[in-house]
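This report refers to the structure that appears directly beneath it.
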Amino acid sequence: MTTKLGSMFLTVLLASVFAARADAPTTLKGAFQGSFVVGAAVNAAQFTGKDTRGAGIVKEQFNTITPENVLKWEHVHPQLDTYTFDLADQYVAFGEQNHMFIVGHNLVWHNQVPDWVFRDDHGNLLTRDLLLKRMQDHIRTVVGRYKGRIKSWDVVNEALNEDGTLRQSLWLKIIGEDYIAKAFQYAHEADPQAELTYNDYSVENEPKRKGTIALVKNLQAQGIPITSVGVQSHISLTWPSIDQEEATISAFAKLGVKVAISELDIDVLPRAAMQGTADVKTNIKLDPKLNPYADGLPDSVQQALAKRYAELFAVYLKHRDVVTRVTFWGVTDGDSWLNNWPVRGRSSYPLLFDRAGQPKPAFQAVLQTAVPH
Ligand code: G3I
17 MTTKLGSMFL TVLLASVFAA RADAPTTLKG AFQGSFVVGA AVNAAQFTGK DTRGAGIVKE
77 QFNTITPENV LKWEHVHPQL DTYTFDLADQ YVAFGEQNHM FIVGHNLVWH NQVPDWVFRD
137 DHGNLLTRDL LLKRMQDHIR TVVGRYKGRI KSWDVVNEAL NEDGTLRQSL WLKIIGEDYI
197 AKAFQYAHEA DPQAELTYND YSVENEPKRK GTIALVKNLQ AQGIPITSVG VQSHISLTWP
257 SIDQEEATIS AFAKLGVKVA ISELDIDVLP RAAMQGTADV KTNIKLDPKL NPYADGLPDS
317 VQQALAKRYA ELFAVYLKHR DVVTRVTFWG VTDGDSWLNN WPVRGRSSYP LLFDRAGQPK
377 PAFQAVLQTA VPH
């Protein structure tokens, strides 16, 4: 009898231990279910399955994806009368097969847009009306093709300078300030159900944050639909402060828009460019001093990265009523654009999975933030 009771006790004890273990989240998408979707920017090797390890991590861990490059203008619309949807179609199919929230990135940007877009047959800049027509055709064709399938579009990308004024892009110079409103309007017409985002980096800094707020208010005053601000979050171990991060999310929430943490990575390498910038045109010469972890990341930095990620996710969770999505800009450290920017050929460690595809301490730290304490 005693033995029987003893073994029952043991069974109950073991069952509860295993139940607790089974409850502990092991995936990012599972950990934050009910709060926000978690995703990654994916490259062609991943979504075509050529990179089996990368594809495996994406399928297991994430429930939203963003195309790192294949939906940008130069890829999808390289010439006036040529659209190349092959890779973009495969990207969307991958997302659907894996039941993911599919993001489109991006429609109107000053980078990765061919020069012909702005010029006539003689090489002269187009008139406002002709450029608007070209923009509308592009948006109608690309958004229209994936209507109802791509759920959220980065409509306008990086339209602001660091001081919050509008960037002097050819979009602005030729069309005027309302190019932003027009882009949103065309995207809405092409897919009225799609979420529409204004996406930018270093909006945590007050001048640019103010510029973003003005931009959103301006659209809202005209009745132009805007769903969210994409806070890209190409950040470092020290910038922005947690207070700055909270203030940024709260400021956008006050406008009645949602916040997508749209391109998250944390640079642990020495600062080589202006803090907070993600201007892809920056290119600095490689110097060993700028590449201190070529042979691996010291444990102290690994721990600092984990702590930083945990602090950030605690903020995202606190604001889960407005934060709808957290997307990492890449899957493993080896894939990150930060290996080649702003200095080519560095070893960067900004993500949750290492070069071998193994979860880093930061991965566990992020999962832990989802566990009620
Ligand atoms: O595809 C060519 C390849 O054929 C060639 O051999 C190789 C040589 O350098 O270049 C390859 O193209 C590169 C492309 O990434 C694909 O890897 C381009 O040079 C490179 O400029 C391009 O960089 C992308 C960058 O946007 C360009 O604007 C990054 O992958 C991408 O991560 C980055 O993403 C941006 C977001 O769209 C907007 N916010 C900032 C973010 C980081 O810069």
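Using our numbering, read the sequence shown as starting at 17 and increasing by one per residue.
Even for Gly, the Cβ is constructed at its ideal location relative to N, Cα and C.
Asked                                                                                                                                                        : Found
Where Pro256 and Ala197 are concerned, what is the direct C-alpha to C-alpha distance, given to the nearest angstrom?                                        : 29 Å
So which of Asn177, Arg336, Asp137 and Thr254 has the shortest CA-CA distance to Pro223?                                                                     : Asn177
Consider the C-beta atom of Asn127 and the heavy atoms of ligand 1; say whether any pair is separated by less than 7 Å.                                      : yes
Which word fits Ala372, buried or exposed, when buried means at least 16 other C-beta atoms lie within 10 angstroms of its C-beta?                           : exposed
For Ser316, is the classification buried or exposed, using 16 other Cβ atoms within 10 angstroms of its Cβ as the cut-off for buried?                        : exposed
By the 10 Å Cβ neighbour count, where 16 or more other Cβ atoms means buried, how is Lys376 classified, buried or exposed?                                   : buried
List in chain order: all unbroken beta strand (DSSP E) runs of 3+ residues lying wholly within the region 236–316.                                           : 244–247, 250–252 and 274–283
Tell me the residue span of the beta strand (DSSP E) that contains Val342.                                                                                   : Val339 to Phe344
Check whether the Cβ atoms of Leu280 and Phe344 sit closer than 8 Å, and answer yes or no.                                                                   : yes
Heavy atom of ligand 1 less than 7 Å from the Cβ of Trp169, yes or no?                                                                                       : no
Could you tell me whether the Cβ of Arg161 comes closer than 8 Å to any Cβ of chain B?                                                                       : The structure shown contains no chain B, having only a single protein chain.
Given a threshold of 16 other Cβ atoms within 10 Å of its Cβ, counted over all protein chains shown, does Asp216 qualify as buried or as exposed?            : buried
The beta strand (DSSP E) that contains Trp187, what's its start and end?                                                                                     : Unbroken run through Trp187 is the alpha helix (DSSP H), Leu186 to Ile191; no beta strand (DSSP E).
Check Gln380 in the structure and name its three-state DSSP category.                                                                                        : helix
For Tyr214, list the residues DSSP reports as bridge partners.                                                                                               : Val172 and Val245
Taking its Cβ as the centre, do 16 or more other Cβ atoms sit within 10 Å of Thr248, making it buried, or is it exposed?                                     : Correcting the residue identity first, residue 248 is Gln in this sequence and not Thr. Buried, by the Cβ-count rule.
How long is the line joining the alpha carbons of His389 and Ile240, rounded to whole angstroms?                                                             : 42 Å
Sorry if obvious, but does the Cβ on Glu84 come closer than 7 Å to a heavy atom of ligand 1?                                                                 : yes
From the DSSP output, in three-state form, read off Phe110 for me.                                                                                           : helix
Who does Ile117 pair with in a DSSP beta bridge?                                                                                                             : Reading the sequence as shown, one finds Phe at residue 117 and not Ile. Bridge partners of Phe117: Thr80.
Among Lys45, Val108 and Asp136, which residue has its Cα nearest to the Cα of Tyr162?                                                                        : Val108
Please look up how many angstroms separate the CB atoms of Asp170 and Leu96, rounded, as I've assumed it's under 8 Å.                                        : That belief does not hold up - the Cβ atoms of Asp170 and Leu96 are roughly 23 Å apart, past 8 Å.
Quick one: measure Cβ to Cβ for Glu193 and Leu182, integer angstroms, because I've assumed they're closer than 8 Å.                                          : 6 Å
State the CB to CB distance for the pair Tyr365 and Val284, rounded to an integer number of angstroms; the pair is presumed to be in contact (CB under 8 Å). : 5 Å
Less than 7 Å separating the Cβ of Asn2 from some heavy atom of ligand 1?                                                                                    : In the structure as shown, the chain begins at 17 and stops at 389. Residue 2 is therefore absent and cannot be evaluated.
On the criterion of 16 or more Cβ atoms from any shown chain inside 10 Å, does Gly227 qualify as buried, or is it exposed?                                   : buried
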